[in-house]
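Colleague: Shown below is the structure under consideration.
There are 2 protein chains.
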Amino acid sequence: MTKRVYNFYPGPATLPLPALKKAQEELLDYKGTGMSIMELSHRSKQYDAMHKEASGLVRGLMGIPDDYKILWLQGGASTQFFMVPCNLAVKGKPMEYVNTGAWSKKAIKEAKFYGDVNVVASSEDKNFSYIPKDIKFSNNASYAHITGNNTIFGTEFHTWPNVPKDVPLICDMSSNIMDKVIDVKKFGVIYAGAQKNIGPAGVTLVVVREDLLNIVPENTPTMQKWKIHAEKDSLFNTCPCWAIYMCKLCLEHLKNIGGVPAIEKINRKKAKIIYDIIDDSNGFYKGHATPDSRSLMNITFNLPTPELEAKCVEEGQKRELIGLKGHRSVGGMRASLYNAMTLEGVETLGEFLREFKEENE
Amino acid sequence: MTKRVYNFYPGPATLPLPALKKAQEELLDYKGTGMSIMELSHRSKQYDAMHKEASGLVRGLMGIPDDYKILWLQGGASTQFFMVPCNLAVKGKPMEYVNTGAWSKKAIKEAKFYGDVNVVASSEDKNFSYIPKDIKFSNNASYAHITGNNTIFGTEFHTWPNVPKDVPLICDMSSNIMDKVIDVKKFGVIYAGAQKNIGPAGVTLVVVREDLLNIVPENTPTMQKWKIHAEKDSLFNTCPCWAIYMCKLCLEHLKNIGGVPAIEKINRKKAKIIYDIIDDSNGFYKGHATPDSRSLMNITFNLPTPELEAKCVEEGQKRELIGLKGHRSVGGMRASLYNAMTLEGVETLGEFLREFKEENE
């Protein structure tokens, strides 16, 4: 039998087993074509049907209105960090950002190449352990940018900040896209590297409201314009066919288990298991995020000493609970409970953490 | 038994069967990790070992000297069309291009966003049926750019143009990388979308001489700088892990069969089979490229009428010879004989073309 472990990596991360099995099954012969999906021309009718299916699944699962385009791009969220200002910055109107951690900072850094940036709120004062409240964006901002979930610090936006009329809200949802039901209409642009919650590394989902496609200056290199990719249904050039195909298989699985409302319920249950253990541990496990800002996706916590933290990671590994070491900015441990992490996996982690506490406190 | 056809698509294209089988075999459990290679963190030691192996294979197979960096980037050659000028344009020094077809034109278009461009030679006068001779680049050019092989028109550089001392030669080798032995030292930068000759879509190989990494202006967005990717061994952000892994498997196969010298011999034999049929057909098959510019990779030819061309494509398809329709810029037919196309596949195509001629001339 194939060995499988529980994989808590922050991304690339665990994928749904049925999606992997399907990919394995049809790897040499995609739907009787006698070719792998990797070998099919991106201009072939079989590839095109798959491509459209993938986009249709995104639209259906997220309830994306017709006036939004769905793009499959390359380069990760790191590329969108410059494509957002490149496509949306308007001279004389500042770009406004909320700084909730390392990824926000990187986004802010790239925006500065394109004009004036205001950081309107930040949680840096407390090592990004919370999501700022009462965020105010200016009326004349080019756009308002937030990081939906902070993988490193384990915080997540649970309500969306208000934005002035005509200021589009832009959200990096790389680590929490489809983790819960959202109202897409609140956003101008949503972008997400696929490798945490919807598929493998190598493709970036961008959902953009059509009226925002025409702000980009004419003298911008072609590949940097969302507009071009929107007009060509992400087939202006050769798209990352396999990564899109894997997203399709993962999203098909999500649809089969009841879609985003169903996974939201499971995600809340999964997160509660671990947060309850933290809260009931008399301080043995200490959560990094303040309770109202806690992420459903990445649970960050410390143990009494770095030695115990290292021991816990190591013993976890022996029990086939992989990828629990925290990021150096927070230290300690991090359990990433993305959509593809099963309830069973989280229960196994929970048992382990309870036992580890008993044996080591 | 799994159905497999002969796939002559221009890219994404056929891949070596042993590479696909290996990928299938370890899809659910990569080397006993209990995870797919798609699920491994790009910061894990297992992924890192694979990543270094892939780069090592490129270096070994192409004989790349130590003062060149090997980058695995995203966005295809289309992204390099702007990254080349972005990283190499020097104010007051024109960027110089040879125009040998559609891909050269696209590269030229993007360079114009970064400064003055000279097109120093072109074969547009004869619908790109030849590679210009006696190409002269200026002494003060920022760089000299050529398209190594022209997928659409079926022409290929067989000798490299001379460039003045201190002018780096840049080559888009997307459709002929590793098709024959080359002297990498002649080039400043070589770039190639993987999906034709070395792997699947979703990753772009860039080989760049170290001294060229420091020309890029400081105020350039981070992801656009080769330098950053070089410093971080292409792990500045999450890399397209699966696509790099597939390249590794394909290159391993290439190494196993004797490397580039061996595949060059096979490629010359494969191309000769089809070109001989064209030349011996008394004009039934008419090659688009002039004989001295003929591509080893993409063979473009026409039949006496568009009706016969359509019939030939259709009958080929019935014999499981897929992807033979030519690009609209040339019409007719195109057989792409990349490294992964077997001699057996080309012999089968050859037999079919001989029979088709006998039955239809």
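Chains as they are written, first to last, in the working numbering: chain A, 1 to 361; chain B, 1001 to 1361. We put the beta carbon where it would ideally sit given N, CA and C, even for glycine. All figures in this text were calculated on a predicted structure; none of them were measured in a lab.
Would phenylalanine 137 of chain A count as contacting chain B if we go by Cβ distances under 9 angstroms?
Modeller: Judged by the 9 angstroms Cβ criterion, phenylalanine 137 of chain A is not in contact with chain B.
Colleague: Lysine 1286 of chain B CB to nearest chain A CB: under 9 angstroms?
Modeller: So no, lysine 1286 of chain B is outside the interface.
Colleague: To the nearest angstrom, how far is it from the Cα of alanine 1141 of chain B to the Cα of valine 1119 of chain B?
Modeller: Approximately 11 angstroms, taken between the alpha carbons.
Colleague: Looking at proline 1200 of chain B and serine 41 of chain A, is the spacing between their C-beta atoms short of 9 angstroms?
Modeller: No; because the gap between Cβ atoms is not below 9 angstroms, this pair is not in contact.
Colleague: Under 7 angstroms Cβ-Cβ, which residues of chain B neighbour glutamine 24 of chain A?
Modeller: Result: Gln1024, Leu1027, Leu1028.
Colleague: In chain order, what residues of the stretch 1214-1239 of chain B put their CB closer than 8 angstroms to some CB of chain A?
Modeller: Those residues of the stretch 1214-1239 of chain B that come within reach of chain A (Cβ to Cβ, closer than 8 angstroms) are Asn1219, Thr1220, Pro1221, Thr1222, Met1223, Gln1224, Phe1236, Asn1237, Thr1238, Cys1239.
Colleague: Answer with buried or exposed for proline 1261 of chain B, where buried requires no fewer than 16 other C-beta atoms within 10 angstroms of its C-beta.
Modeller: So proline 1261 of chain B counts as exposed.
Colleague: Determine which residues share a DSSP beta bridge with phenylalanine 301 of chain A and list them.
Modeller: Looking at the DSSP assignment, phenylalanine 301 of chain A forms a beta bridge with A:Gly287, A:Met333.
Colleague: Tell me whether the beta-carbon of phenylalanine 128 of chain A lies closer than 9 angstroms to the beta-carbon of glycine 148 of chain A.
Modeller: No; because the gap between Cβ atoms is not below 9 angstroms, this pair is not in contact.
Colleague: Note down, one range per segment and in chain order, each beta strand (DSSP E) of at least 3 residues found wholly within the stretch 1159-1194 of chain B.
Modeller: If we require 3 residues or more, the beta strand (DSSP E) runs fully inside the stretch 1159-1194 of chain B come out as 1169-1172, 1189-1193.
Colleague: Using a Cβ cut-off of 9 angstroms, pull out every chain A residue sitting near histidine 1042 of chain B, in sequence order please.
Modeller: Within chain A, the residues near histidine 1042 of chain B are Gly11, Pro12, Gln195, Ala201.
Colleague: Taking a Cβ distance cut-off of 7 angstroms, strictly less, list which residues of the stretch 34-65 of chain A are near chain B, in chain order.
Modeller: Under the 7 angstroms Cβ criterion, the stretch 34-65 of chain A contributes Gly34, Met35, Ser36, Met38, Glu39, Leu40, Ser41, His42.
Colleague: Measure the Cβ-Cβ separation of isoleucine 1215 of chain B and threonine 1222 of chain B and say whether it is below 9 angstroms.
Modeller: Not a contact, by the Cβ cut-off of 9 angstroms.
Colleague: Starting from histidine 1051 of chain B and walking both ways along the alpha helix (DSSP H), at which residues does that stretch end?
Modeller: Counting along the chain, the alpha helix (DSSP H) containing histidine 1051 of chain B begins and ends at 1045-1062.
Colleague: Beta-carbon of glutamate 363 of chain A versus every beta-carbon of chain B: anything under 9 angstroms?
Modeller: Look at the range of chain A in this structure, 1 to 361, and you will see that residue 363 of chain A is not part of it.
Colleague: Mind reading off the beta-carbon distance from tyrosine 6 of chain A to glycine 345 of chain A? Whole number of angstroms is fine, and I expect it under 8 angstroms.
Modeller: So it is a contact: roughly 4 angstroms between Cβ atoms.
Colleague: What does a CB cutoff of less than 6 angstroms around glycine 193 of chain A pick up in its chain, not counting 5 residues either side in sequence?
Modeller: Counting only Cβ-Cβ distances below 6 angstroms, and skipping sequence neighbours, we find Gly76, Ala77, Ser174, Thr204.
Colleague: Using beta carbons (cut-off 9 angstroms, strictly below), is threonine 1002 of chain B in contact with chain A?
Modeller: Output row for threonine 1002 of chain B: interface = yes.
Colleague: Could you name the residues of the same chain whose beta carbon sits closer than 6 angstroms to that of proline 85 of chain A, not counting the 5 residues immediately before and after it, in chain order?
Modeller: Hits under 6 angstroms: Met95, Ala111, Tyr114.
Colleague: Residues bridged to arginine 1209 of chain B by DSSP?
Modeller: Answer is B:Tyr1068, bridged to arginine 1209 of chain B.
Colleague: Starting from the C-beta of lysine 293 of chain A, find all residues in its chain whose C-beta is less than 6 angstroms away, skip the five residues before and the five after it, and write them out in chain order.
Modeller: Checking the sequence, you will find serine at residue 293 of chain A rather than lysine. Cβ within range, chain order: Tyr130, Ile131, Thr155.
Colleague: Based on Cα-Cα distance, which residue from A:Gly326, A:Pro291, A:Ala340, A:Asp279 lies nearest to isoleucine 266 of chain A?
Modeller: Looking at the Cα atoms, A:Ala340 is the closest of the given residues.
Colleague: What did DSSP end up calling glutamate 156 of chain A once you bin it into helix, strand or coil?
Modeller: Note: glutamate 156 of chain A maps to strand in three-state DSSP.
Colleague: Is it the case that the Cβ atoms of asparagine 302 of chain A and tyrosine 275 of chain A are separated by a distance below 9 angstroms?
Modeller: Not a contact, by the Cβ cut-off of 9 angstroms.
Colleague: Find the nearest neighbour of lysine 3 of chain A within the set A:Ser329, A:Leu321, A:Phe187, judged by alpha-carbon distance.
Modeller: Nearest of A:Ser329, A:Leu321, A:Phe187 to lysine 3 of chain A, Cα basis: A:Leu321.
Colleague: One question on the structure: do leucine 71 of chain A and methionine 178 of chain A come within less than 9 angstroms of each other, judged by their Cβ atoms?
Modeller: Contact flag unset, no.
Colleague: Once you ignore the five residues that flank leucine 1015 of chain B on each side, which residues in its own chain have a CB closer than 8 angstroms to its CB?
Modeller: Excluding sequence neighbours, leucine 1015 of chain B sits near Gly1199, Pro1200, Met1246, Cys1250, Ala1340.
Colleague: Decide if arginine 334 of chain A is buried, meaning its Cβ has at least 16 other Cβ atoms within 10 Å, or exposed.
Modeller: Classification of arginine 334 of chain A: buried, given that the 10 Å Cβ count is 16 or more.
Colleague: Express the C-alpha separation of valine 1167 of chain B and glycine 1092 of chain B in angstroms, rounding to a whole number.
Modeller: Approximately 14 angstroms between the Cα atoms of the pair.
Colleague: Going by C-alpha distance, which of A:Asp29, A:Ile146, A:Gly202, A:Thr305 is nearest glutamine 46 of chain A?
Modeller: Looking at the Cα atoms, A:Asp29 is the closest of the given residues.
Colleague: Going by CA-CA distance only, name the one from A:Leu20, A:Leu88, A:Pro65 that's closest to glutamate 377 of chain A.
Modeller: Any answer about residue 377 of chain A is impossible in this case: the structure gives chain A only from 1 up to 361.
Colleague: Determine the chain B residues that contact glutamate 110 of chain A at a beta-carbon separation under 9 angstroms, and present them in chain order.
Modeller: Within 9 angstroms Cβ-Cβ: Pro1221, Thr1222, Met1223.
Colleague: Serine 293 of chain A lies in the alpha helix (DSSP H); which residues open and close that run?
Modeller: Segment: none, serine 293 of chain A is in no alpha helix (DSSP H) and carries neither H nor E.
Colleague: From the beta carbon of serine 1104 of chain B, is the nearest beta carbon of chain A less than 9 angstroms away?
Modeller: No, no contact with chain A.
Colleague: I'd like to confirm the pairing. Which residues does DSSP put opposite tyrosine 30 of chain A in its beta bridges?
Modeller: In the DSSP output, where bridge partners are listed per residue, tyrosine 30 of chain A has none listed.
Colleague: Ordered along the chain, which non-local residues of its own chain (more than five positions away) have a Cβ less than 6 angstroms from that of proline 402 of chain A?
Modeller: Beyond the ends of chain A as shown, which are 1 and 361, falls residue 402 of chain A; an answer cannot be given.
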